[in-house]
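Student: Provided herewith is a single structure, encoded as structure tokens, for subsequent inquiry.
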Amino acid sequence: MVISAVYILDLKGKVLISRNYRGNIDLNIIEKFMPLLGEREDESCPCPTLQYQNINFLFIKCNNLYLVATTNKNANAALILQFLHRSAQVFIEYFKELEEESIRDNFVLIYELLDEIMDFGYPQILEWKILQEYITQESYAVDKQVRPPMAVTNAVSWRSPGLVYRKNEVFLDVIESVNLLANASGNVLLSEVVGSIRMRVNLSGMPELRLGLNDKVLFESTGRGKSKSVELEDVKFHQCVRLARFENDRTISFIPPDGEFELMSYRLNTSIKPLIWIESHIEKHAHSRVELMVKAKSQFKKRSTANSVEIIIPVPHDVDSPEFDTNRVGRCEYRAEISSVVWRIKSFPGGKEYLMRGHFKLPSIESDEIEGKPPIQVKFEIPYFTTSGIQVRYLKIIEKSGYQALPWVRYITQNGDYQLRTS
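Each residue of the sequence shown is one higher than the one before, starting from 306 at the first, in our numbering.
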């Protein structure tokens, strides 16, 4: 991958930052970017690459800015786009918000960062934690010599050596989001599970961690049963994971970054029974009132409990004077800005069924507009529960000093795009 130059532009095409890495490109070529982009505004999903003569423009949009990279080589477009996203993340970690104002306020610092993250068109250091060790927002004294951290010069660029913790701990969260669309008859039209394994590592030294899951491929290769195994799709790992070892024996082996990070993400495209099912009935009496009845049923195991449940039920936009009866289960409020009733239930055990009734008044003059029937949305979080059945079989911590560390594992299932149609 060879990048000729990197630019930061506002939405009008004005260049805020430009950094040329190779001298064989005319800096004025960026003036061709906005006209080319304007030709594609009518496309529903414009391609993030543009071409002018033998120059390729690859770009991403962040808030009110464009980050653009140019190259005249047959470079890997996906890697260049990933470089732009990682660069944007570095700026966000430094400035909190990547906006035109933050670019102008940190003009000199951005040039320092651009000099470090790329050298002669090749990406170098894109770990913001490492960059913050020697590129700070405070000026250095003249007589102080600044040395780059050891992490820049060794193979493990995402972790600095010499870390010491009084209490060595590892926290691992398996978080799954359920995307589901079901019709009024209870038939699931679309369902998938999007999961991630996130970690917070407080370990001394340079430890190696080994994580074992109930992976279907591993279970089949070792002759174990398939009943408790999970087939993971679209798996994406953090750069610290040794991919060669995972391909060989399905062991997730890695030297972790310090602090919080996402170890891996995955997806399961499988049929899922709705965890919380909602039945609603709205009876509209013209020029008079609206009667609402909502039945909520949890369809997961009784030993689990859903927390912070929110059921959002659309109602006609012209109702007023709401009255609710929840039988002391949760509380309801009418939110006029979204024309919906929000029923909040703090704790919803599995295998339970709750009923809510609502009453609204209608104006005497009825609108001629035909209202649609938006789906019901459900928000929830179920701790100690996974829809896919994924399990952490072991988490080994190996460090040359031989200290003892405490691993903590937590499972959480939450809603993603969870919608139930009413008609």
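Glycine residues also receive a C-beta, built at the ideal position from the N, C-alpha and C atoms.
Grab me the residues of E405's own chain with a C-beta within less than 8 angstroms of its C-beta, minus the 5 sequence neighbours each way, in chain order.
Tutor: D315, L321, N369 and L370, listed in sequence order.
Student: In chain order, what residues of the same chain lie with their CB nearer than 6 angstroms to the CB of G564, ignoring the 5 residues before and after it?
Tutor: Hits under 6 angstroms: none found.
Student: From H390 to R608, what distance separates their C-alpha atoms?
Tutor: If I take the Cα positions, the gap works out to 42 angstroms.
Student: Roughly how many angstroms lie between the CA atoms of R630 and L486, to the nearest whole one?
Tutor: Sequence check: residue 630 is Asp here, not Arg. Distance between the alpha carbons of D630 and L486: 28 angstroms.
Student: Mind checking whether L725 and V683 have CB atoms under 8 angstroms apart?
Tutor: Yes, the pair counts as a contact, with Cβ atoms nearer than the cut-off.
Student: By DSSP's criteria, D315 is part of a beta bridge. Which residues make up the other side?
Tutor: According to DSSP, D315 bridges with L370.
Student: Quick one: using the 10 Å Cβ neighbour count with 16 as the cut-off for buried, is R572 buried or exposed?
Tutor: Under this definition R572 is a buried residue.
Student: Can you tell me which of the three DSSP states S645 falls into?
Tutor: S645: strand per DSSP, three-state reduction.
Student: Taking the alpha-carbon of E398 as reference, which of K434, F542 and N381 has the nearest alpha-carbon?
Tutor: Comparing Cα positions, the closest option is K434.
Student: Whole-angstrom Cβ separation of I618 and S576, contact assumed at under 8 angstroms?
Tutor: About 25 angstroms; that fails the 8 angstroms criterion.
Student: Quick one: what's got a C-beta closer than 8 angstroms to G359's C-beta in the same chain, skipping five residues either side?
Tutor: The question names Gly, but residue 359 in the sequence shown is Asn. The answer, listed in chain order, is N377.
Student: Would you check if the distance between the CB atom of V624 and the CB atom of F665 is smaller than 8 angstroms?
Tutor: Yes.
Student: Using beta-carbon positions only, say whether V475 and L518 come within less than 8 angstroms of one another.
Tutor: Cβ distance not < 8 angstroms, so V475 and L518 don't count as in contact.
Student: If we count the other Cβ atoms within 10 Å of its Cβ and call it buried at 16 or more, is Y659 buried or exposed?
Tutor: Per the 10 Å Cβ criterion, buried.
Student: Starting from R505, trace the beta strand (DSSP E) both ways and give me its first and last residue.
Tutor: Counting along the chain, the beta strand (DSSP E) containing R505 begins and ends at V493 to N507.
Student: Spell out the partners DSSP gives C637 in its beta bridges.
Tutor: C637 pairs with W648.
Student: Can you look up D448 in the DSSP assignment and give me helix, strand or coil?
Tutor: Model confidence at D448 stands at a pLDDT of 42, short of 50, so the residue's coordinates are unreliable; what they give is reported in the following sentence. Residue state, collapsed to three classes: coil.
Student: Does DSSP put E513 in a helix, a strand or coil?
Tutor: In this structure, E513 counts as strand in the three-state DSSP scheme.
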